[in-house]
Amino acid sequence: MNKYIIKHLGQLSLFIIPCSLFIILFSQTGCLRYGFKDISIPDSIKTVKINIIENRARYVNPQLSPRLTDRVRQKITGQTKLTQTNNDNADWEISGTITEYSVTTSGLSNQQEAINRLTVSVHIIFDNHREDARLEHDVSRNYDFSANQSLQQAESRLLDEIIRTLADDIFNRIFSDW
């Protein structure tokens, strides 16, 4: 048995040594770091003011504005080096408005259940006070739910997903070079 182990140990070491060196090399150089590749924040930018995302849609879900604002703030401060401030002299300022919160119904086809679609749209304004520049963009998502459910029933099930996906979309629009 010892001859078998010794015979194959040489072959195994030819695999283990290069793999070990590869792992050590790349872990030391930082190539295995996780993060957003597209985030590019100049070193001179330190602060961001994130205003409340106002709800100006026809139908107002009272939880949407404060929860979406909070999630965007958490995402930006947690995934960037920026410090949130309420001062008017912030380097960057982000504001937004919920412009649409509406439900449409799709018709029946081939005896399938009717589906309602909730559409939520947010208009985002990004002000770069250092360069006196402004960018605006709209983010919109659709959320389908059974026509057998009321909007309130669907909202209780969908609200966390709505907040998460819209906050992700807003973050990506701002920090992924638009």
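With the first letter of the sequence shown counted as 1, position 168 gets the number 172 in our numbering; the numbers rise by one all the way through.
No residue lacks a Cβ here, since even glycine has one placed at the ideal position from N, Cα and C.
For residue i, does the three-state DSSP call read helix, strand or coil?
{"i": "T33", "result": "For T33, the pLDDT reaches just 41, beneath the cut-off of 50, and the residue's location in the model is therefore unreliable, although a value from the coordinates is still provided. Helix, per DSSP."}
{"i": "G39", "result": "Any reading at G39 must be qualified, since the residue scores a pLDDT of 41, below 50, and its modelled position is unreliable; no value is offered."}
{"i": "F125", "result": "It is worth fixing the name first, because residue 125 is Ser in this sequence and not Phe. The answer is strand: DSSP assigns S125 an E or B state."}
{"i": "L139", "result": "strand"}
{"i": "I49", "result": "coil"}
{"i": "T89", "result": "coil"}
{"i": "L25", "result": "Because the pLDDT at L25 is just 45, under 50, the model does not fix this residue reliably, and the value given afterwards should be weighed accordingly. Of the three classes helix, strand and coil, the one that applies to L25 here is helix, per DSSP."}
{"i": "S69", "result": "helix"}
{"i": "R77", "result": "helix"}
Is the beta carbon of residue i within less than 7 Å of some heavy atom of the ligand MN?
{"i": "L72", "result": "Judged by which ligands are present, the structure shown has none, so any question about the ligand MN falls away."}
Can you tell me which residues form a DSSP beta bridge with residue i?
{"i": "I54", "result": "I98"}
{"i": "I119", "result": "S150"}
{"i": "T183", "result": "Lying outside 5 to 182, the shown extent of the chain, residue 183 is not represented and no answer is given."}
{"i": "D131", "result": "E97 and R138"}
{"i": "R62", "result": "DSSP output for R62 lists no bridge partner at all."}
Terminal residues of the continuous alpha helix (DSSP H) containing residue i?
{"i": "I166", "result": "L155 to F179"}
On the premise that residue j lies in contact with residue i, defined as a C-beta separation below 8 Å, what is that separation, rounded to the nearest angstrom?
{"i": "T84", "j": "I45", "result": "6 Å"}
{"i": "N55", "j": "E97", "result": "7 Å"}
{"i": "Y147", "j": "E135", "result": "Not really, about 36 Å apart at Cβ, beyond 8 Å."}
{"i": "V76", "j": "I102", "result": "With 8 Å as the limit, V76 and I102 do not qualify as a contact, their Cβ atoms being about 12 Å apart."}
{"i": "F149", "j": "N120", "result": "5 Å"}
task = Answer yes if the stretch 50 to 57 comes into contact with the stretch 88 to 96, meaning at least three C-beta pairs across the two stretches below 8 Å, and no otherwise.
result = yes
ask   = Touch check for the stretch 150 to 159 and the stretch 124 to 135: three-plus C-beta pairs under 8 Å?
value = no
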